[in-house]
Amino acid sequence: MRALLTLPLIALLAACATAPAPAPGRVRTTDQVNKGSLVGAASSPLRDINLLRTKIPQVLLDSLADPYARPYPMSCKEIEAVLAPLNEALGPDMDQPKPTKADRGLIADSREFVTDEAMREIVGAAQDIIPYRGWVRKLTGAERHDKLVRSAITAGGIRRGYLKGIGLAKGCKPPAAPTPYTGPPIKLRDPSTPKYPVRK
């Protein structure tokens with residue numbers, strides 16, 4: 004099946020190479036891009052040879068350099084202003100409600116038309132185009148860049164939590180502080196209860 008997919012994938016790769024750059028927005032790791040859509044899966048070889056790279060926003064690079072830099076002036080308005088580009092780069096925080104189907108965008112919509120098994124086949128077929136993929140990723144710098152992307156995302160998340168903590172301490176309102184949870188009570192599983200049925 005993978006052999007049958009190779010030619011269509013090559014054609015799609017050529018289209019990806021000449022396509023305009025996506026609009027600035029949420030940063031995604033290589034794995035997320037590869038598994039997020041058909042185009043992302045088919046274009047994975049271009050990321051393996053470092054021709055396609057995730058652009059890291061400056062706000063995440065700044066967070067990587069100093070995630071605990073204090074905003075100045077230390078005001079609710081300034082905290083909100085500093086958080087805005089972080090939210091754009093990282094997507095919704097954990098205190099935000101989950102997006103509805105209409106808000107998920109094209110990536111989520113495309114996955115509805117492809118089963119997980121088919122997506123794995125497409126990703127595998129695209130990655131099989133390049134032999135010795137692991138070595139190629141190391142030699143081209145793709146693996147090193149992916150590590151930098153993941154580190155920047157982690158640092159951005161740490162900085163966002165830090166800034167919201169400052170906002171909470173100052174009595175700021177969201178989005179300069181965490182949004183209070185207003186849903187139903189969360190039931191925690193008793194740790195002494197086995198997660199799976201056990202035979203007595």
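The sequence shown runs 4 to 203 under this note's numbering. We put the CB at the ideal spot given by N, CA and C, even for glycine. Since this is a predicted model, take the numbers as computed values, not measurements.
Host alpha helix (DSSP H) of residue i (start-end)
i: I169; result: 145-172
i: L86; result: 79-93
i: D65; result: 61-68
Assigned exposure category for residue i - 16 Cβ within 10 Å defines buried
i: K141; result: exposed
i: G186; result: exposed
i: K173; result: exposed
i: I156; result: buried
i: P178; result: buried
Cut-off 6 Å between Cβ atoms - residues of its own chain near residue i, not counting five sequence neighbours on either side
i: E81; result: P74
i: A18; result: Note that A18 scores 47 on pLDDT, short of 50, meaning its location in the model is unreliable; the coordinates nonetheless yield the value given after this. Same-chain partners within the cutoff: there are none.
i: A158; result: S66, L67, P70
i: G94; result: R29
i: T57; result: V152
i: I161; result: P70
Cβ-based neighbour list, residue i, same chain, cut-off 7 Å, excluding 5 preceding and 5 following
i: T182; result: D98, Q99
i: A26; result: Because A26 sits at a pLDDT of 42, beneath the cut-off of 50, its placement in the model cannot be relied upon, and the point is left open.
i: Y165; result: P70, Y71
i: A180; result: K167, G170, L171
i: A92; result: R29, V30, P60, V62, L63, G159
i: C215; result: The question about residue 215 has no answer, for the chain in this structure spans 4 to 203.
i: R163; result: L86, L89, L93, D96
Cβ-based neighbour list, residue i, same chain, cut-off 8 Å, excluding 5 preceding and 5 following
i: T196; result: none
i: Y184; result: D98
i: P194; result: none
i: M77; result: I169, K173
(request) State whether the region 56-65 contacts the region 81-95, with contact taken as three or more CB pairs (one from each stretch) at a distance under 8 Å. (result) Contact between the region 56-65 and the region 81-95 is present: 3 or more CB-CB pairs across the two stretches fall below 8 Å.
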